[in-house]
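Colleague: This is the structure I have questions about; it appears just below.
2 protein chains.
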Amino acid sequence: MRKLLSSLLICATGLALTPAPADVPLRGFFPQSVQAERDLEARFKTMPDPGRMREAMRRLSARPHHVGSPYDKDNAEWILGQFKSYGWDAHIENFDVLFPTPVERVVELVSPTTYKASLQETALPGDPTSNQQAEQLPSYNAYSIDGDVTGPLVFVNYGVPADYEVLEQHGVSVKGAIVIAKYGGSWRGIKPKVAAEHGAIGCLIYSDPRDDGYAGGDVFPAGPMRPAQGVQRGSVEDMPVYPGDPLTPGVGATKNAKRLSIAQARTITKIPVLPISYGDAQPLLTALGGPIAPAAWRGGLPITYRLGSGPAKVHLRVKSDWSLKTLYDVIAKLPGTTEADQWIVRGNHHDAWVNGAEDPISGLVAELEEARALGTLYQQGWHPKRTIIYAAWDGEEPGLLGSTEWAETHADELKAHAVAYLNSDGNGRGYLEIEGSHSLEKFVNGVALDVEDPESGASSWKRVQASRILNGTPESQREARDREDLRIGALGSGSDYSSFLDHLGIASLNLGYGGEDDGGIYHSIYDDFYWFTHFSDTSFVYGRALAQAAGISVLRLANADLLPFAFTNLGETVQGYVKDLQSLRDRRSEQIVERNRQIEEGLFKFTSDPRDPVTAPQRQLPAPQLNFAPLLNALDSLNHAAARYDRAYNRAVTEGRVTNAKSVNERLIQAERALTSTEGLKNRPWYVHMLYAPGFYTGYGVKTIPGVREAIEQGQWQDADREIARAAAALEREATLISGIVAALPGA
Amino acid sequence: MRKLLSSLLICATGLALTPAPADVPLRGFFPQSVQAERDLEARFKTMPDPGRMREAMRRLSARPHHVGSPYDKDNAEWILGQFKSYGWDAHIENFDVLFPTPVERVVELVSPTTYKASLQETALPGDPTSNQQAEQLPSYNAYSIDGDVTGPLVFVNYGVPADYEVLEQHGVSVKGAIVIAKYGGSWRGIKPKVAAEHGAIGCLIYSDPRDDGYAGGDVFPAGPMRPAQGVQRGSVEDMPVYPGDPLTPGVGATKNAKRLSIAQARTITKIPVLPISYGDAQPLLTALGGPIAPAAWRGGLPITYRLGSGPAKVHLRVKSDWSLKTLYDVIAKLPGTTEADQWIVRGNHHDAWVNGAEDPISGLVAELEEARALGTLYQQGWHPKRTIIYAAWDGEEPGLLGSTEWAETHADELKAHAVAYLNSDGNGRGYLEIEGSHSLEKFVNGVALDVEDPESGASSWKRVQASRILNGTPESQREARDREDLRIGALGSGSDYSSFLDHLGIASLNLGYGGEDDGGIYHSIYDDFYWFTHFSDTSFVYGRALAQAAGISVLRLANADLLPFAFTNLGETVQGYVKDLQSLRDRRSEQIVERNRQIEEGLFKFTSDPRDPVTAPQRQLPAPQLNFAPLLNALDSLNHAAARYDRAYNRAVTEGRVTNAKSVNERLIQAERALTSTEGLKNRPWYVHMLYAPGFYTGYGVKTIPGVREAIEQGQWQDADREIARAAAALEREATLISGIVAALPGA
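Protein sequence lines correspond, in order, to chains A and B. Take 814 as the starting number for the first sequence in our numbering and just add one per residue. Take 814 as the starting number for the second sequence in our numbering and just add one per residue.
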């Protein structure tokens, strides 16, 4: 059946997944270089081996391997050995970071009835690693402050700012209360942060079965979903302020680094927080009184979800061991030849919350197979133009610690030498998901076209396109059909690209397959070899596809004659962002006007139900008009320069030579750097990129042109015009840099 | 608090709920008649008594009173006595109708495990009437065919046609299967009808706790929601074909009426069907295998919802007593004076599925208080111009039996004399919900402005407007602010107005308050006095408001100098329907083109997940263009005539006399009749109204301009142009009639 399907698809689309002929252009390569690159890639593609990935996963996920655990170090040493055996120049780089581990954890309902939460994930028969209790990190949220609090319980939905507006309308306050929030709807660290801002004294976070439990399928081990006792661990460090070691913002956490005191660290929570299972959450939620939760807030438990606060009173106690722990980053190098001081950096973390088969080992085993293949090619005589650096990061889970400390330590070298950073993390079945710098959008589309999707037999590109046409809005449907390149998402946070892109301005991409399998084992003891090999990419064919996609990206970047950046995609994307911002302002303005009018008309009073009275919201000041002219002017400059670069690039490729290619490439590397601003974002100077940042109130979720967008979203109108000017200045710098490159190319 | 709120509202809006002064116009009244009418209404408004409503509800809902039960007859006789005691000329009119009552009911899971459904609602402590088991009609769906079937179980969501497309995409067939559908999403009778069309052999319908169980609040008796054993009874007669007695379509079911055989009756289901509780549904749903149900299909049970068919096999047995039962319609009359042969008809049913406090007694007790008040006014010397007929219908629950048989029996008189029919059914707290003929839209808006909302102190009109501004789409928000009249909905089916409007072309209105209280006792033994007086309009102030709204409507219609129809609202509304139809065709056309293109592009194959393969849908023929010109021309005629009528009406009112008022009113009565067509709708000739009908595949839900709309929706393109011409002819008749009336008014 699948075979037939595949051949049908190839007929239907004319896609032949044999290598493209040498006369089809390849972004970044002169005509005379294409054939050699295609041949090299064809050899490379055959090398990643699903069987080896499976065995590597078995080995790496055999025991819990969180930061500071014996098996974390053991894995690092094994990975080091692997790189060396592949012919790479590899070493381990250590850092000493603040990483709290739990000492005391108590959650109990103290009235109207009593219930003591078990806070314990149980070993499951048939699952051979879930019984390694002695080595498992108990369920907790890293970087929760220590605390011992008792207070009424309030259900806050996902705990994002909009949820507190609903609570306020229903007259429910969280002042002095312990909130209970569902996982999801935002990055988890946002939940205690927003709760504390509203006066809460403690925070519980639970996994609702509607979101990743039985609603989506059978629970583990019968199926992939979260069982009643399963808990999502995770960091609640305030990463939107800065990631990495809380004690060494902006500098590497080396042995003798100058450290803040814990009290000085801005990224530790203000209130204690613990994650719990839905098994433990159900008695607490059942005890809640108060108004019935809106339909959209309700989860999958067989109860009436209420807001509180009612009779339910909860005691929460959290205490951690706040000692420093050692990180083991594995760094491996293949030296470049003619452009050795231009670096292609590729990474995936190796630490996990527990056994971490899916997160992160499923991505790491692909990276290791890439490394083995590249090492083999190297030994067979291929030497890359540029230096290739492969990293297996430690400490990603607590707060991107390993990558951040390494990037901060090597900031100056990286700013001078790094061409691009390629990241992966977990991997699964389905669709090639790509996010990253839009100057690489055209490049990575070319890669996706050349990697076969294992299930459909079509290209990974074609499958994503098909899905967007079938499932997209009319606009994204039209775009998927008509636009030359599939649009890639912007990067927020949540994995190790953050320091490279957000702090150093290095063009970055994040790659991974997914979208076909549901699961509910994220950050639990059940994310293990048994789960992955029963419910995810069981044959590791998508692991191979990831190794092919990332490996070909590395090969092309390392071998390219002219680095394959394209700025028309960047300009067009930023133009979309600016339009977004303009309509965001207008929409906010209309909302404020409409809301104020509704208040004046007394509508909230007319419709208040005496059995569930609603309070009218506060009047807000009308939104001022903003001066978008600087951004629009800068955009014109950027688009103009980008178009000129396209023409110059095409001329250069047609001619087949650029005398000063090395220096042109060195200037191309600086194109992403030009989008940064030394003073960084308001209140979080660690973040210097003017186009991309994780949202202050979303965490993982990206905010594009963040200075302007967050000023509008948060109603800080007085900042908006200044932020527009800062973003515009970055775009003008970019335009100037690109114009300079154009001048240096032939025919200028 | 409430007192303060009310006075605030009055300040904010300038609304004084004392009667409007005599110089404010009153639709239908000459200036010299306004003061008397206002005075009369002011006296009327003080009369409906919440205390009496409470006691009447206690009496009428004291025992089960379904069709054929002793207490149904007893209630009818008590109601008759009430009318007589109020001074009305009242009698009981009997009909003999086919009404099946259950003899055998079996639902059992026979594999892979076994479970026998209890099919039994249990008596609850504290609820004094739930223990009247001997008199309760067991839970069942009336007009299910007898049957004894065993087959695999398939979950079909709400069981509407679109759900079967999803099943087909997942490769799940219901051929030879027993389907289980959730209540909701359509009228219940649609579920077995569509299931049978797809080859199912049996149908179960259950109440999911997400829809009216614990998700929405505490379950009865602690709260208003449906407990685990609660079952929704209800008719599954194919009412979109014709309502009323299945054996006497189109004629009254009098003693000697010519009757069809049961086998000839088109409105009995094709497959056996039974309703069950979620307590009984859970073991069946848990046993299902097959693909996981889409997220939107999942309910509130703590299980993984799957589509089947899997190992679950079910045995269903239904057998009824198919004897005829006697209906007791109570008909009461206050004779008119100068225009006695113009009738104002008002009704609410008295039969229930069990005790029926909410459905229908909460509406009936308001109607009785209106009748008492009108009788008192009559005895005090007020005599209406027109004859007023109040009805308490029997047999509404099984299929609008009492009203249909009465309307069919008196069809000729009603067509000649009936000005309007005013209906109510259950009543609750909240917002005045109005549906009906758009020629009465302006009139009923005037009534809503003059009835105080008991909670806010504002008018019932104002409160609805406030809610639409707060909760509506931008378009309905704008309309609620700017349009002179609040838009009223069109009538589908689901209560006793159907025969008057759909079969006889009598302008109709349906009135009731609701929207603030959730409940889950509908058609169960728990819809009783205890429930209503604990969880709904406990002080009966909304019962009083309904009596005021309906009573004032009756008074104004009965006393008006010129009947208060207004046709500009009708024309504007129909214009909206025609625009809808045009964009519906275009949207369907685009969907077909897009879907065919997706099939050609192979998108379904590219995206099919081998673990949950999806089948591409079938290609469809493109939609032809339709000739809307006849409808648009007819609309021009109607709008033109309506505008001229408005001017003529205003002149007549300004002059304060119309010499031929009686004959003008007789012609106004015919305006709704003009919108009917003698041959009726395709395949259901009982329905003759060309603007309004219940949807063939929605049941209660209305289809406006149904001939055209259903031809487009069902892709029966060959019918569409003919249906457009038929609808256009009705509008032309209406325009001609109105033009004739204009000519008969002064100044023509």
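Ideal Cβ positions, reconstructed from N, Cα and C, are used throughout, including at glycine.
Consider the Cβ of B:LYS1275: report whether some Cβ of chain A lies at a distance smaller than 8 Å.
Modeller: Here residue 1275 of chain B refers to the residue found at position 462 when the second sequence is read from its first residue. Answer yes: the Cβ-Cβ gap between B:LYS1275 and chain A drops below 8 Å somewhere.
Colleague: Taking only the alpha-carbon atoms, compute the straight-line gap between B:TYR1458 and B:VAL1555 and give it to the nearest angstrom.
Modeller: Here residue 1458 of chain B refers to the residue found at position 645 of the second sequence. Here residue 1555 of chain B refers to the residue found at position 742 of the second sequence. Each residue's alpha carbon lies about 5 Å from the other.
Colleague: According to a CB-to-CB cut-off of less than 7 Å, which residues of the segment 1380-1411 of chain A neighbour chain B?
Modeller: So the list reads GLN1411, given in the order they occur along the chain.
Colleague: Exposed or buried, what is B:SER1074 when buried is set at 16 or more other beta-carbons lying within 10 Å of its beta-carbon?
Modeller: By one-based count along the second sequence, residue 1074 of chain B stands at place 261. Exposed: under 16 other Cβ atoms inside 10 Å.
Colleague: Suppose the cutoff is 7 Å on Cβ atoms and the five residues either side in sequence are ignored; what does the same chain contact list for A:MET1026 look like?
Modeller: Taking the first sequence and counting its residues from 1, the one referred to as residue 1026 of chain A is at position 213. The sequence as given places Gly at residue 1026 of chain A; Met does not occur at that position. Excluding positions up to five away in sequence, the list reads SER1020, VAL1032, MET1038, ARG1039, TYR1091, GLY1113, GLY1333.
Colleague: Cα separation between B:ALA1542 and B:ARG1522?
Modeller: Against the second sequence, residue 1542 of chain B aligns to sequence position 729. Against the second sequence, residue 1522 of chain B aligns to sequence position 709. Their Cα atoms are separated by approximately 16 Å.
Colleague: Is the beta carbon of A:SER1273 sitting closer than 8 Å to the one on A:ALA1362?
Modeller: Position 460 of the first sequence, counted from the first residue, corresponds to residue 1273 of chain A. Position 549 of the first sequence, counted from the first residue, corresponds to residue 1362 of chain A. Yes.
Colleague: With a threshold of 16 other CB atoms inside 10 Å of the CB of B:VAL985, please say whether the residue is buried or exposed.
Modeller: Taking the first residue of the second sequence as position 1, residue 985 of chain B is located at position 172. So B:VAL985 ends up on the buried side.
Colleague: Would you kindly check if the distance between the Cβ of B:LEU1370 and the Cβ of B:VAL1477 is under 8 Å?
Modeller: In the second sequence, counting from the first residue as 1, residue 1477 of chain B sits at position 664. In the second sequence, counting from the first residue as 1, residue 1370 of chain B sits at position 557. Contact flag unset, no.
Colleague: Find the residues of chain B that neighbour A:ALA1279, judging by a C-beta separation of less than 9 Å, and give them in chain order.
Modeller: In the first sequence, counting from the first residue as 1, residue 1279 of chain A sits at position 466. Going along chain B in sequence order, the residues near A:ALA1279 (Cβ under 9 Å) are GLN1411, GLU1414, GLY1415, LEU1416, PHE1417, LYS1418, PHE1419, THR1420.
Colleague: Taking its Cβ as the centre, do 16 or more other Cβ atoms sit within 10 Å of A:ASP1295, making it buried, or is it exposed?
Modeller: Walking along the first sequence from the start, residue 1295 of chain A turns up at place 482. By the 10 Å Cβ count, A:ASP1295 comes out exposed.
Colleague: Per DSSP, what kind of secondary structure is A:GLY1384 in: helix, strand or coil?
Modeller: Against the first sequence, residue 1384 of chain A aligns to sequence position 571. Helix at A:GLY1384.
Colleague: Go through its chain and collect everything with a Cβ distance to B:ASP961's Cβ below 7 Å, but skip five positions before and after it.
Modeller: Position 148 of the second sequence holds residue 961 of chain B. Contacts found: ARG1130.
Colleague: Residues of chain B with a CB under 8 Å from the CB of A:SER1349: which are they?
Modeller: Working through the first sequence from its first residue, we reach residue 1349 of chain A at position 536. Per Cβ cutoff of 8 Å: no residues; A:SER1349 is ~11 Å from chain B at best.
Colleague: Leaving out the 5 sequence neighbours to the left and right, which residues in its chain are closer than 8 Å to B:ILE905 when beta-carbon positions are compared?
Modeller: Translated into positions along the second sequence, residue 905 of chain B becomes position 92. Excluding residues within five positions, the ones whose Cβ falls inside 8 Å are ALA889, GLU890, LEU893, TYR1141, ASP1142, VAL1143, ILE1144.
Colleague: Measure the alpha-carbon distance for A:VAL1406 versus A:PRO938 and round it to whole angstroms.
Modeller: Numbered from its first residue, the first sequence carries residue 1406 of chain A at position 593. Numbered from its first residue, the first sequence carries residue 938 of chain A at position 125. Each residue's Cα considered, the two are about 60 Å apart.
Colleague: Cutting at 7 Å between CB atoms, please list the residues of its own chain near A:HIS1230, excluding the five before and the five after it.
Modeller: Mapped onto the first sequence, residue 1230 of chain A falls at position 417. Closer than 7 Å at the Cβ level, and outside the excluded window around A:HIS1230, lie ASP1154, GLN1155, TRP1156.
Colleague: List the DSSP bridge partners of A:ILE1482.
Modeller: The count along the first sequence starts at 1 and reaches residue 1482 of chain A at position 669. Its beta-bridge partners do not exist; DSSP assigns none.
Colleague: For B:LEU1494, which option in B:PRO1507, B:ILE1482, B:ALA1456, B:GLU1248 has the closest C-alpha, if you only look at C-alpha atoms?
Modeller: For the purposes of this step, residue 1494 of chain B is taken as residue 681 along the second sequence, with counting starting at 1. Among B:PRO1507, B:ILE1482, B:ALA1456, B:GLU1248, the Cα nearest to that of B:LEU1494 is on B:PRO1507.
Colleague: Quick one: list the residues of chain B neighbouring A:GLU1292, beta-carbon separation under 8 Å, in chain order.
Modeller: Indexing the first sequence from 1 puts residue 1292 of chain A at position 479. Chain B residues near A:GLU1292: none, gap ~15 Å exceeds 8 Å.
Colleague: Locate the beta strand (DSSP E) running through B:PRO1430, then write down its first and last residues.
Modeller: Position 617 of the second sequence, counted from the start, is the residue given in the question as residue 1430 of chain B. B:PRO1430 -> no beta strand (DSSP E), and no H or E assigned at all.
Colleague: Would a check of beta-carbon distances place B:LEU1283 closer than 8 Å to chain D?
Modeller: Although the question refers to chain D, the structure presented lacks it and instead comprises the protein chains A and B.
Colleague: Rounded to whole angstroms, what is the Cα-Cα separation between B:THR1067 and B:ILE1014?
Modeller: Indexing the second sequence from 1 puts residue 1067 of chain B at position 254. Indexing the second sequence from 1 puts residue 1014 of chain B at position 201. Approximately 35 Å between the Cα atoms of the pair.
Colleague: Would you say B:GLY1015 reaches chain A, if we count a Cβ-Cβ gap shorter than 8 Å as a contact?
Modeller: Taking the second sequence and counting its residues from 1, the one referred to as residue 1015 of chain B is at position 202. So no, B:GLY1015 is outside the interface.
Colleague: The alpha helix (DSSP H) that contains A:LYS1198, what's its start and end?
Modeller: Taking the first residue of the first sequence as 1, we reach residue 1198 of chain A at position 385. A:LYS1198 -> no alpha helix (DSSP H), and no H or E assigned at all.
Colleague: On a Cα-Cα basis, can you pick out the residue from A:ASP1164, A:ASN1452, A:PHE1378 that is closest to A:ASP887?
Modeller: Counting from 1 along the first sequence, the entry for residue 887 of chain A is found at position 74. If we check each option's Cα against that of A:ASP887, A:ASP1164 comes out closest.
Colleague: Which of the residues in the segment 1313-1332 of chain A, read from start to end, lie with their CB under 7 Å from any CB of chain B?
Modeller: Going along the segment 1313-1332 of chain A in chain order, one finds GLU1329 with a Cβ nearer than 7 Å to chain B.
Colleague: Give me the chain A residues within the contact set of B:PRO1022, using Cβ-Cβ distance strictly less than 8 Å, ordered along the chain.
Modeller: Within the second sequence, residue 1022 of chain B is the residue found at index 209, counting from 1. Under the 8 Å cutoff, chain A gives PRO1115.
Colleague: From this set, A:ALA1533, A:ASP1534, A:VAL1471, which residue's C-alpha is nearest A:PRO844's C-alpha?
Modeller: Locating residue 844 of chain A in the first sequence gives position 31, counting from the first residue. Of A:ALA1533, A:ASP1534, A:VAL1471, the residue nearest in Cα terms is A:VAL1471.
Colleague: For B:ARG1111, go through chain A and note every residue whose CB falls closer than 7 Å to its CB, in chain order.
Modeller: For the purposes of this step, residue 1111 of chain B is taken as the residue at position 298 of the second sequence. Near B:ARG1111 (Cβ distances below 7 Å), the residues of chain A are ALA1028.
Colleague: Could you check what DSSP says for B:GLY827 in three-state terms: helix, strand or coil?
Modeller: In the second sequence, counting from the first residue as 1, residue 827 of chain B sits at position 14. In this prediction, B:GLY827 has a pLDDT of 37, which is less than 50 and means its spatial position is unreliable; what the coordinates show is noted afterwards. Correct three-state label for B:GLY827: coil.
Colleague: With three or more C-beta pairs closer than 8 Å as the rule, is the segment 1412-1427 of chain B touching the segment 979-997 of chain B?
Modeller: A contact exists between the segment 979-997 of chain B and the segment 1412-1427 of chain B.
Colleague: Give the interface partners of A:ALA1271 over in chain B, defined as CB-CB distance under 7 Å, in chain order.
Modeller: By 1-based counting over the first sequence, the position of residue 1271 of chain A is 458. Result: PHE1419.
Colleague: Using 8 Å as the limit for Cβ to Cβ distance, is B:LYS816 near chain A?
Modeller: Within the second sequence, residue 816 of chain B is the residue found at index 3, counting from 1. Its pLDDT being 29, under 50, B:LYS816 is placed unreliably by the model, and nothing is read from it.
Colleague: Within 8 Å of any Cβ in chain B, is that where the Cβ of A:LEU821 sits?
Modeller: Translated into the one-based positions of the first sequence, residue 821 of chain A becomes position 8. No answer about A:LEU821 holds up, because its pLDDT of 32 lies below 50 and its placement is not dependable.
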